[in-house]
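Numbering (the numbering used here), first residue to last: 105 to 242.
Just so it is clear, CB atoms sit at the ideal spot from N, CA and C, and this is done for glycine as well.
Structure first, commentary second.
Printed below as a string of structure tokens:
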């Protein structure tokens with residue numbers, strides 16, 4: 105309600121007039137003024153070529169070589185990732201446990217199943233739930 109009163113006060117004191125005006129003929133002369141302020145393009149290009157020609161040769165070569173350098177960096181990165189993946193896979197297969205049939209009975213050590221009791225307690229499962237999970241009809 106307060107904003108409404110403020111708006112009414114402003115309309116009464118200032119009115120609906122717009123204090124901002126554009127001078128007469130401004131937009132008709134604008135294009136000509138901007139074009140006069142622009143420097144001529146041919147002179148700038150000629151100066152840049154004459155000054156930068158000797159120094160731009162090594163830079164031009166760098167610019168031309170840039171895509172090839174990016175491609176080489178990506179190739180090296182892909183090779184490093186491929187080799188590391190290969191060695192991770194080969195180390196994972198070499199550390200696999202031998203099958204039970206190949207282990208001699210005298211050297212076989214039963215795994216420690218104490219974590220199973222803790223997991224069952226944490227899951228709050230009783231014997232009926234465990235039997236239901238282990239049955240084929242679950």
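Item, Value
"Which of helix, strand or coil DSSP assigns to residue 105", "With a pLDDT of 47 at residue 105, under the threshold of 50, the modelled position of that residue is not reliable, and the figure given next carries that caveat. Three-state result, residue 105: coil."
"Helix, strand or coil at residue 239 [DSSP, three-state]", "coil"
"Where residue 181 falls: helix, strand or coil (DSSP)", "helix"
"Cβ neighbours of residue 232 in the same chain (closer than 7 angstroms, five flanking residues each side left out)", "none"
"Three-state class that DSSP yields for residue 129 in the structure shown", "coil"
"Span separating the alpha-carbon of residue 144 from that of residue 185", "54 angstroms"
"Euclidean distance between Cα positions of residue 130 and residue 122", "18 angstroms"
"Three-state secondary structure (DSSP) of residue 144", "coil"
"Alpha carbon of residue 251 to alpha carbon of residue 108, nearest angstrom", "Given a span of 105 to 242 for the chain in the structure shown, any question on residue 251 remains unanswerable."
"C-alpha gap between residue 114 and residue 140, whole angstroms", "43 angstroms"
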